[in-house]
Amino acid sequence: MIQRIQTLYLTSCSILLFILGYMFKDLEINAIPVIYLFIFFTSLSLTLYSIFSFKNRKRQFVLNRLNVISNFILLLLFAFDYLYLDSSDNYYIFLKELSYYQIIPILNIALLVFSNKAIKKDDDLISSIDRIR
128 MIQRIQTLYL
138 TSCSILLFIL
148 GYMFKDLEIN
158 AIPVIYLFIF
168 FTSLSLTLYS
178 IFSFKNRKRQ
188 FVLNRLNVIS
198 NFILLLLFAF
208 DYLYLDSSDN
218 YYIFLKELSY
228 YQIIPILNIA
238 LLVFSNKAIK
248 KDDDLISSID
258 RIR
């Protein structure tokens, strides 16, 4: 539910992804490679599905791990393209505009790790309560 801290972490992660999506919307659609959009929508859907699967902590934990992997791939794509392109290419302009927002996948990874720690803490608390009974 909303009172759990991992839901707040995941909500802030989805807000950051919506900001990144808003940046994609402002750019020309021809300049955005399909792989960026695919990984972006994968990460966004994993985050939203993880928020709404709050009753199943193990599923939420696995979804967050997959989301960390997708954000890491997005970060690697940004870094690789930013470092290895010529300034004469039109695609370079696209990456120059995104250079300030490459921090978003890093923040998402950190928020997802914090969320996984909170899920693990909840799971340990529930298992300790079950042992007392």
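Taking the numbering used here, the leading residue of the sequence shown gets 128, the next gets one more, and so forth. Backbone N, C-alpha and C define an ideal beta-carbon position, used for all residues, glycine too. Being a predicted model, the structure only gives us computed values, none of them experimental.
| Asked | Found |
| --- | --- |
| Between the segment 142-151 and the segment 176-186, do three or more beta carbon pairs fall short of 8 Å? | no |
| Can you give me the C-alpha to C-alpha distance between Tyr149 and Leu201, rounded to a whole angstrom? | 16 Å |
| Using the beta-carbon count (16 or more within 10 Å), is Ile236 buried or exposed? | buried |
| Span of the alpha helix (DSSP H) holding Phe181? | Premise fails: Phe181 is in no alpha helix (DSSP H) and is neither H nor E. |
| Can you check which of these residues, Gln130, Leu193 and Ser242, is closest to Ser172 by C-alpha distance? | Leu193 |
| Applying the 10 Å Cβ sphere with the 16-neighbour rule, what's the burial state of Ser242? | buried |
| Nearest to Ile113 by CA position, among Asp251, Leu204, Phe181 and Lys182, is which residue? | Here the chain has residues from 128 to 260 only, and residue 113 is not among them. |
| If you count every other CB in all the chains shown that lies within 10 Å of the CB of Gln130, and 16 or more means buried, which is it? | exposed |
| Apart from the five residues on each side of it in sequence, which residues of its chain come closer than 7 Å, Cβ to Cβ, to Ile233? | Leu202 |
| Assuming Ser139 and Leu238 are in contact, meaning their beta carbons sit under 8 Å apart, how far apart are those beta carbons, in whole angstroms? | 6 Å |
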